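Worksheet: one structure, shown below.
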Amino acid sequence: MLKHPVQTRWWSIWVLMWMVLAGCGDHRAENLLQKANDEWVKGRHHSAIELFNAVLELTPQGPQAEESLYRLGEIYYFSLGETGKAISYFQEVVRMKPPGEFAYGAQKYIAEIVELNFRDLDQAIIEYQKLIHNYKRPDANPEHQFRIASIYFKKHNYEQAIVEFETLVENYPRNIWSEEAYLRMAEILHNIHRCPEAREKYSQFRVVYPGSEFTGQMEFVMASCLEDEGKLKLAYNRFKSLEGGFKYPALLKMKLEGIQNRIKKGGKSRR
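Going by the working numbering, the sequence shown opens with residue 1, and the numbers climb by one from there.
And the structure:
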């Protein structure tokens with residue numbers, strides 16, 4: 001027998017009312033979220049912002065709040081060009097616990113903004129590393145590793161760039177990003193006057209990626225090595241073989257004309 005039947009009855013009524021009100025709140029938030037998305041699609045950015053903020057007032061936590069924060073970040077990033085506000089919303093999404101379905105996309109935007117808009121290259125490396133280590137997206141990791149290597153190249157840290165590209169080709173073999181990584185390593189090695197190592201990368205590349213779309217550019221690097229070594233006739237012939245299919249015909253023409261002029265002026269041409 002219950003000792004306090006009246007108190008128990010009122011407690012049950014209160015719980016029932018709370019569940020009904022919460023359900024109404026969730027339903028209202030879902031409707032507002034749909035309207036906000038519709039407004040954004042129609043290009044009514046400021047109206048969408050007001051509606052997403054209204055969702056956050058109703059449900060400051062949970063999947064609806066996460067999507068609202070994410071969409072606010074996208075509006076400020078893509079539509080209004082306010083990257084400072086955008087990244088703050090994306091950071092809020094990433095901080096939410098447990099991580100929701102928008103966390104990975106938000107972290108990717110953060111890395112992109114830090115690299116391309118803020119130009120904070122050291123922090124950008126950290127943000128891309130978070131994408132690799134904090135999220136289970138193995139198919140996307142090669143691209144993030146490629147970005148890390150490319151940032152070291154931007155920083156003129158060529159040795160570390162090579163290390164990062166090597167990590168890419170070792171950890172993610174036979175991948176489109178690894179395929180391009182071989183080309184970038186060969187280019188770097190040529191630029192820092194280490195053509196023997198560039199040729200090693202070329203040999204590895206030919207075995208792993210026969211018929212690659214980057215073959216022409218790789219051949220260009222090899223021809224450039226011959227030119228730098230003073231083997232002008234060999235270089236000219238190798239450049240010449242690229243005519244008709246090279247991605248940058250103007251650059252190829254400039255190279256051929258330059259070598260011709262050097263040969264005419266008695267430039268060194270070692271076989």
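Don't be surprised by glycine CBs; every beta carbon is placed ideally from N, CA and C. Please read all numbers here as calculations on a predicted model, not as lab measurements.
How would you call residue 163, buried or exposed, if buried means at least 16 neighbouring beta carbons within 10 angstroms?
exposed
By alpha-carbon positions, which one of 136, 107 and 139 ends up nearest to residue 126?
107
Count the other CB atoms within 10 Å of the CB of residue 97; is the residue buried (16 or more) or exposed (fewer)?
exposed
Please tell me whether residue 70 and residue 55 are closer than 8 Å, where the distance is taken between their beta carbons.
No, Cβ-Cβ distance for residue 70 and residue 55 is not below 8 Å.
Can residue 154 and residue 183 be called in contact, C-beta distance under 8 Å?
no
If I measure Cβ to Cβ from residue 252 and keep anything under 8 Å in the same chain, skipping five residues before and after, which residues do I get?
220, 239, 242, 243 and 246
Which residues in the same chain as residue 68 place their Cβ atom closer than 6 Å to its Cβ, once the five residues preceding and following it in sequence are excluded?
52, 55 and 56
Member of 105, 193 and 45 whose CA lies at the smallest distance from the CA of residue 229:
193
Closer than 7 Å by C-beta to residue 187: which residues in its own chain qualify, once you throw out the five before and the five after it? Chain order, please.
221
Sequence-distant residues of the same chain with beta carbon closer than 7 Å to residue 255, five excluded per side
239
Spatial distance of residue 259 from residue 213 (CA atoms)
26 Å
Suppose the cutoff is 7 Å on Cβ atoms and the five residues either side in sequence are ignored; what does the same chain contact list for residue 124 look like?
111, 114, 115 and 151
Just confirm the distance between the C-beta atoms of residue 174 and residue 207, as a whole number of angstroms; I'd bet it's less than 8 Å.
Not really, about 11 Å apart at Cβ, beyond 8 Å.
Residue span of the alpha helix (DSSP H) that contains residue 128, given as start and end:
According to the DSSP assignment, residue 128 belongs to the alpha helix (DSSP H) that extends over 121–134.
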